[in-house]
Ligand SMILES: [Zn+2]
């Protein structure tokens, strides 16, 4: 990891760097797909010592997506995207912003307007303790969601895949394999983001039903089946 960080300092700005304009445009696409009613969505730029290229602060009425321009975050993003194909890059950006929006939808849903999906029982039990922490920080208006809760991260990954399946179906396989590689490589020191055991068709369908409840665009059965095939065969 140290060598990699050193390398990123030498490489400097990458062609795949995320810009604030791209983040704004992609956020707009995601907002129109999922109709985040009654929630103010804002995009800002920060530089913080955190490996995540994107961070989200979510409360029921306010969703702030932050582009982190620190060297480490840019390096991680460059590693995740790592393609010269602009349409592949757009699919990966779409995934990432839909993931962040997932945190905002959860914050809104926890107000009780819609029912949260009961994802795999194993995940529910693995997440129960941190979930109450999450709820309490949300009330305290201080939460930067994204690093504490495995349920939230898994839901957000599934929503990201849901979005890719709807908007960039031709790149679903690519996004999935990059996501899995990224999650697995951090699994040992980041359990919260270790969503891969729960990325399956049944959970994707539950997220789709959630989206339907919130009046967002849901997937056809055919799309879900196709995504399910990829989810089952990916390693
Ligand atoms: Zn997250």
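Residue numbers (my numbering): 973 to 1207. Glycine is no exception: its CB is placed at the ideal position from the N, C-alpha and C atoms.
Inset, instruction - Output the residue ranges of the alpha helix (DSSP H) runs that lie fully inside the stretch 1022-1068 and measure 4 residues or longer, sorted by chain position. - result: 1043-1053
Legend entry - Span of the alpha helix (DSSP H) around residue 1013: Looking at the DSSP string, residue 1013 is not in any alpha helix (DSSP H); the run it does join, the beta strand (DSSP E), is 1012-1018.
Inset, instruction - Please confirm if the stretch 988-998 is in contact with the stretch 1014-1028, defined as three or more CB-CB distances below 8 Å between the two stretches. - result: yes
Legend entry - The alpha helix (DSSP H) enclosing residue 1129, as first and last residue numbers: 1122-1139
Inset, instruction - Spatial neighbours of residue 1021 within its chain, please: CB distance less than 8 Å, with the 5 preceding and 5 following residues excluded, ordered by chain position. - result: Cβ neighbours of residue 1021 within its own chain (closer than 8 Å, five residues either side excluded): 1042, 1044.
Inset, instruction - Quick one: residues in its chain with C-beta nearer than 6 Å to the C-beta of residue 1076, no 5 flanking neighbours on either side, listed in chain order? - result: 1030, 1035
Inset, instruction - May I ask whether a heavy atom of ligand 1 can be found less than 7 Å away from the beta carbon of residue 1075? - result: yes
Inset, instruction - Take every Cβ of the stretch 1148-1157, pair it with every Cβ of the stretch 1085-1095, and state whether three or more of those distances are shorter than 8 Å. - result: The stretch 1148-1157 vs the stretch 1085-1095: no contact.
Inset, instruction - Could you work out which residue in 1089, 1003, 1067 is closest to residue 1185 when comparing CA atoms only? - result: 1089
Inset, instruction - Would you grab the beta carbon distance between residue 1070 and residue 1132 for me? Rounded to a whole angstrom, and I think it's under 8 Å. - result: Confirmed, about 4 Å.
Inset, instruction - Might you give, ordered along the chain, the residues of its own chain that have their beta carbon closer than 7 Å to the beta carbon of residue 1033, omitting 5 neighbours on each side? - result: 1010, 1011, 1012
Legend entry - Residue of 1004, 989, 1060, 1082 minimising C-alpha distance to residue 1047: 989
Inset, instruction - Run the CB neighbour count on residue 1024, radius 10 Å, all protein chains shown included, and call it buried at 16 or more, exposed below. - result: So residue 1024 ends up on the buried side.
Inset, instruction - Taking the CB atoms as reference points, tell me whether residue 1183 and residue 1134 lie closer together than 8 Å. - result: yes
Legend entry - residue 1204 classed as buried or exposed, judged by whether at least 16 other C-beta atoms fall within 10 angstroms: exposed
Legend entry - residue 1050 versus 1026, 1176, 1037, 1129, residue with shortest Cα-Cα distance: 1026
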